[in-house]
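The opening position of the sequence shown corresponds to residue 753 in our numbering, with each subsequent residue numbered one higher.
Glycine is no exception: its CB is placed at the ideal position from the N, C-alpha and C atoms.
Following: one structure in structure tokens, then a few remarks.
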Amino acid sequence: PLKPDLVKGFYKISSLFFPFRVFKLLPWMYTTFKAELDSLKENDIIFHLYGEGTLFLSGFSMFRKNKRVIATFHEPEKRFKQCMPFYWKFLLKDAEIIVISPSQKKFFEKYFPKHKIHLIPHGIDIHYFKPDSKIKKKNQIIAVGNYSRDYDALLKAMELVKKNLPDLKLIIVAKDTDKKYNANYELKKDVSDSELLRLYRESLFQVLPLNIGTANNALLEGCACGLPLISIDSENIKFYFNDVITYNTY
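So this is what it looks like as structure tokens:
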């Protein structure tokens, strides 16, 4: 392992080379890199299921001959650039890149050959998430998830909805919202898979108040349960649907 004083010396420059402030993990990273190099054999495949979070850990393996790297990426361009180290192009120069949205594909094709970029749509278990005609619908709509969600805008909209549809309830499956609203809503935390499935099936439609995004589980789970979706105007969301109606609210 690296000596403590050497780790301390890396503190000030760590943010330039390692995302997420992983300087605290430097001793572990060193042993991981060494183990990786020692274990790699010719023609081994290094697969990064979540490239944004783990690709930089395989920096040393780039110097091995006959290596093969495959990485899946989930973030849109802006956030990808924020969370990746500045040398990400070098790490991916010989890699096969998997993306889950059209905008990602366009982004990576600016830097790498098109045949190296593979658009594979996100998926969920449609044998589990499916409609059930036996379950009675309630006068409720549902919003699921935490990451990149604009619940402030949604709940402000629900305050207006309450004036005309006071009995329509919004079910939010997420962590706590920042503040309270004069809207008809209920926050549910730590929901099990079976309860989430029931909530989908009981709802009239799903709302996905994204700030930005590519694809996510909630998008597909709700739709697999037969729910119409209201969300932002995004090519990445439209990619997953055959029937889309766009409203201009300005």
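- Pairwise C-beta distances place the segment 858 to 875 out of contact with the segment 931 to 944, as fewer than three of them are shorter than 8 Å.
- For the pair Ile997 and Arg820, the Cα-to-Cα distance works out to about 42 Å.
- Checking the DSSP bridge columns, you'll see Tyr937 partnered with Leu922.
- Annotation: Ile984 to Ile964 spans about 9 Å, alpha carbon to alpha carbon.
- Annotation for Val959: the continuous beta strand (DSSP E) segment containing it runs Gln958 to Leu960.
- Within the segment 874 to 913, the runs of beta strand (DSSP E) at least 3 residues long that lie entirely inside it are, in chain order, 892 to 896.
- Under the Cβ criterion (8 Å, minimum of three pairs), the segment 904 to 918 does not count as touching the segment 971 to 987.
- Between the segment 952 to 959 and the segment 881 to 895, the count of C-beta pairs closer than 8 Å reaches three or more; the two stretches touch.
- Bridge partners of Arg820 according to DSSP: Ile797.
- A distance of 8 Å or more separates the beta carbons of Tyr992 and Pro883.
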